[in-house]
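The structure under discussion appears below in the form of structure tokens.
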Amino acid sequence: MYESALFLCAIAAGAVASVSGFGIGSLLTPLVALHAGTKTAVAAVSIPHLIGTAVRFWHLRGQVDRPLLWRFGLTSAGGGLAGALLNARAPGPALTIVLGVLLVCAGAAQLTRQAQRWRFHGSVAWIAGAVSGLFGGLVGNQGGIRSAAMLGFDLPKERFVATATAIALFVDAARMPVYIVAERHQVAAIWPLVLLSTAGVVGGTLGGERLLKRVPEARFKQIVGAIVLVLGFVILLRWNS
318 MYESALFLCA IAAGAVASVS GFGIGSLLTP LVALHAGTKT AVAAVSIPHL IGTAVRFWHL
378 RGQVDRPLLW RFGLTSAGGG LAGALLNARA PGPALTIVLG VLLVCAGAAQ LTRQAQRWRF
438 HGSVAWIAGA VSGLFGGLVG NQGGIRSAAM LGFDLPKERF VATATAIALF VDAARMPVYI
498 VAERHQVAAI WPLVLLSTAG VVGGTLGGER LLKRVPEARF KQIVGAIVLV LGFVILLRWN
558 S
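In terms of this note's numbering, the sequence shown opens at residue 318 and continues consecutively.
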């Protein structure tokens, strides 16, 4: 029963990430944590996350906004590395609350169209990248806060997802070695779950790419905002439980 639920969740995670640019870690980590604990789950999920993100990037590589990738992506990777190093020591519950609140606020702003006035330029892009990467590395939900920050840039849907995906590869390359070194024995002990998750994520990613083409451009940011909002509530509810 658990393996079936994990596989279905992995498929859903891959599909959601193909539409919004994030969701693999956010959906899979809590489920894997039920079996292996949070720290091991963060490390284990980084493997299907990396593979699914690489598959998505390959199909969208021509849509990447390269100037934003280098401005936002590099500092996001640096922040992700710093967050992963801090996570290996002692992640603070207060940071999880802050992340949940930030996601709820960002998602609500998109749904109410208040965020349409957000425009990130210049040094703000560097700062937004570093902060989103840091929070992501700390709590293992880097995709949600990164996409929430990226909503401040005026990008078409394909370019948004492609750039978010390319940045996720940067962040994965920075944080994954830290997670694996810290939890290598624990991850090796659950390798069947990692393999199952990876297969589901890849399948969901390939299917989800068709969904992205059907999403109306005018509604895209609101859809991403809704996913960000739900993720924020899930994080806060999980912390309260």
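Heads up, the beta-carbon is just placed ideally off N, CA and C, and yes, glycines get one too. None of the values given here were measured: they were computed from a predicted structure.
Where residue i sits in the DSSP three-state scheme
i: Thr355; result: helix
i: Gly469; result: coil
i: Gly340; result: coil
i: Val381; result: coil
i: Thr522; result: helix
i: Pro533; result: coil
i: Thr346; result: helix
i: Thr429; result: coil
Through-space distance from residue j to residue i, alpha-carbon basis
i: Ile585; j: Ile544; result: The chain is shown from 318 up to 558; residue 585 falls before or after that span and cannot be answered.
i: Gly342; j: Leu402; result: 18 Å
i: Ala371; j: Gly417; result: 27 Å
i: Trp443; j: Glu320; result: 40 Å
i: Gly525; j: Val518; result: 10 Å
i: Val532; j: Ala479; result: 15 Å
i: Ala490; j: Gly390; result: 12 Å
i: Val541; j: Ser337; result: 6 Å
i: Gly395; j: Ala353; result: 27 Å
i: Val511; j: Pro473; result: 33 Å
i: Ala535; j: Arg501; result: 44 Å
i: Gly379; j: Val333; result: 21 Å
i: Phe537; j: Leu428; result: 11 Å
i: Met467; j: Ala485; result: 12 Å
i: Val504; j: Thr355; result: 12 Å
i: Thr357; j: Leu344; result: 15 Å
i: Arg373; j: Val551; result: 25 Å
i: Phe477; j: His366; result: 18 Å
i: Val495; j: Val415; result: 23 Å
i: Thr392; j: Gly450; result: 7 Å
i: Leu565; j: Arg492; result: Because the chain spans 318 through 558 in this model, residue 565 falls outside it and cannot be assessed.
i: Trp375; j: Gly460; result: 18 Å
i: Leu513; j: Gln539; result: 32 Å
i: Val448; j: Cys422; result: 16 Å
i: Leu377; j: Arg527; result: 12 Å
i: Thr346; j: Ala426; result: 26 Å
Test item: CB-CB of residue i and residue j under 9 Å
i: Arg388; j: Gly446; result: yes
i: Leu420; j: Leu546; result: yes
i: Leu323; j: Val359; result: no
i: Val381; j: Thr482; result: yes
i: Phe487; j: Gly397; result: yes
i: Thr515; j: Ile328; result: no
i: Leu548; j: Gly340; result: yes
i: Ile507; j: Ser363; result: no
i: Leu385; j: Phe470; result: yes
i: Ala465; j: Gly520; result: no
i: Leu529; j: Glu475; result: yes
Start and end residues, alpha helix (DSSP H) containing residue i
i: Val336; result: 319-337
i: Phe477; result: 474-506
Residue-chain proximity (residue i, chain D), Cβ-Cβ < 9 Å
i: Ala479; result: Looking at the structure shown, chain D is missing, and only one protein chain is on hand.
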